[in-house]
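J.:
Residue numbers (my numbering): 63 to 129.
Following this line, the structure appears as structure tokens:
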């Protein structure tokens with residue numbers, strides 16, 4: 063799969079560990095959105111999720127390597 067660029071306009075500072083839910087998805091009581099963990103998805107499913115989302119409607123947990 064080719065690289066996929068994702069612009070994060072407003073990174074969130076809420077604590078994932080304080081949210082209720084599973085390793086795949088949790089609910090943020092601060093903004094009332096569900097937050098999806100991309101690391102728990104296949105790359106194909108993650109790209110499909112991002113592509114079908116309405117603008118400003120998707121909250122994601124993204125873990126990355128500094129490299």
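Virtual Cβ for every residue (Gly too), placed ideally from N, Cα, C. Model, not experiment: these values are computed from the prediction.
1. For residue 98, which residues of its own chain have a beta-carbon under 6 Å away from its beta-carbon, when the five flanking residues on both sides are left out?
2. Is DSSP giving residue 99 helix, strand or coil here?
3. Please report how far the alpha carbon of residue 77 lies from the alpha carbon of residue 89, in whole angstroms.
4. Distance check for residue 67 and residue 94, CA to CA, integer angstroms please.
5. Reducing DSSP to helix, strand and coil, say where residue 122 ends up.
T.: The answer reads as follows:
1. These residues qualify, in order along the chain: 87 and 122.
2. Note: residue 99 maps to strand in three-state DSSP.
3. Taking the straight line from one Cα to the other gives about 11 Å.
4. Using only the alpha carbons, I get a separation of about 26 Å.
5. Look at residue 122 here: in three-state DSSP terms it is strand.
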